[in-house]
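What the sequence shown shows, in the working numbering, is residues 49 to 275, in sequence order.
Virtual Cβ for every residue (Gly too), placed ideally from N, Cα, C.
Because the structure is a prediction, the values reported are computed rather than measured.
Here's the structure we're looking at; comments come further down.
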Amino acid sequence: MKKAWNILAISVRTFFEVLFAFIAVYILIFLSISPFTFQAEKTSAPKTEIIYISTNGIHSDVILPIQHPLMNWKKTLNMEKMLSVDTFQTHLKFGWGDKNFFLRTKEWSDMEVGTVLNTVFGRGPGAMHLILCTPKDLDKKSLVEIHLTKRQYQKLCAFIKCSFLFENGKAKVIQDHPYGTYDFFYDSSIEYNMSYTCNTWTNNALKRAGQKACVWTPFKGAIFSKY
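So this is what it looks like as structure tokens:
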């Protein structure tokens, strides 16, 4: 019996040693790469299109107009019925992340250890989380306003659109979720893993739009440090 306990103790200790070493290497890679800036492209074209990036402290999002001459999300995502809530909503907040975490963690108080560990160290299906925004929502100091050319805006929209999973020409909606009337979820074509997090997605969106970003980052702080 004592021998069995010793073996168990050694196994547990080894597990945590490997875990801490893994985390240390991950943080070291982040600290080594994230300070390097992906420079914004040089262009003489007028920057007439306005977007925003936002954060809740951990997660980051990209905010775009719902309807725009270059991209009508209402039509692209088949949101005609869903967006009949009221007429005060003018923008959509786009966020990408781990599907399991999104659907299980509406509030930080809903966070479970198993869900967090699976999100941090596991891999699984991704999901798009969309939130309706009013003009008042855009008047916040925490938001970063970014100006794009029409071409850059189109490239950003193409990147976001490709993040959705389409079946028979329609974006696949996740019907059952614990959120409110102004939240929408869609299945994503991108798989979540610890090297491609919600903030990596936002960072890549900025890179695709030719804006300042990190070479790579899993955390939001590195992104916002560029602005």
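DSSP three-state label for residue i, please.
{"i": "Phe-70", "result": "At Phe-70 the pLDDT is 47, less than 50, meaning the model places this residue with poor confidence; the figure from the coordinates comes in the next sentence. Here Phe-70 sits in helix by DSSP."}
{"i": "Lys-147", "result": "helix"}
{"i": "Lys-141", "result": "strand"}
{"i": "Pro-173", "result": "strand"}
{"i": "Leu-125", "result": "coil"}
{"i": "Leu-186", "result": "helix"}
{"i": "Glu-193", "result": "strand"}
Work out the CA separation of residue j and residue i for me, nearest whole Å.
{"i": "Cys-210", "j": "Gln-223", "result": "20 Å"}
{"i": "His-225", "j": "Phe-233", "result": "8 Å"}
{"i": "Leu-254", "j": "Leu-191", "result": "15 Å"}
{"i": "Phe-70", "j": "Phe-136", "result": "Low confidence applies to Phe-70: its pLDDT is 47, below 50, so where it sits in the model is not reliable, and the reading given next is rough at best. Roughly 47 Å between the two C-alpha positions."}
{"i": "Ala-270", "j": "Pro-83", "result": "7 Å"}
{"i": "Ala-93", "j": "Ile-194", "result": "15 Å"}
{"i": "Tyr-244", "j": "Pro-266", "result": "7 Å"}
For a quick check, are the C-beta atoms of residue i and residue j less than 8 Å apart?
{"i": "Ala-145", "j": "Tyr-240", "result": "The sequence given here places Gly at residue 145; Ala does not occur at that position. Against a cut-off of 8 Å, the Cβ pair of Tyr-240 and Gly-145 comes out as a contact."}
{"i": "Phe-86", "j": "Lys-268", "result": "no"}
{"i": "Ser-108", "j": "Pro-173", "result": "no"}
{"i": "Ala-175", "j": "Phe-150", "result": "yes"}
{"i": "Tyr-264", "j": "Ile-81", "result": "In the sequence under discussion, the amino acid at residue 264 is Trp, which differs from the Tyr named in the question. In contact: Trp-264 and Ile-81 (Cβ atoms closer than 8 Å)."}
{"i": "Leu-286", "j": "Arg-256", "result": "Since the first residue of the chain shown is 49 and the last is 275, residue 286 is not available in this structure."}
{"i": "Lys-95", "j": "Thr-250", "result": "no"}
Touch check for the stretch 135–147 and the stretch 109–116: three-plus C-beta pairs under 8 Å? yes
At 3 residues or longer, and completely inside the stretch 195–271: list those beta strand (DSSP E) runs for me, N to C. 231–241
What beta strand (DSSP E) runs, 3 residues minimum, are completely inside the stretch 71–114? 97–103, 108–113
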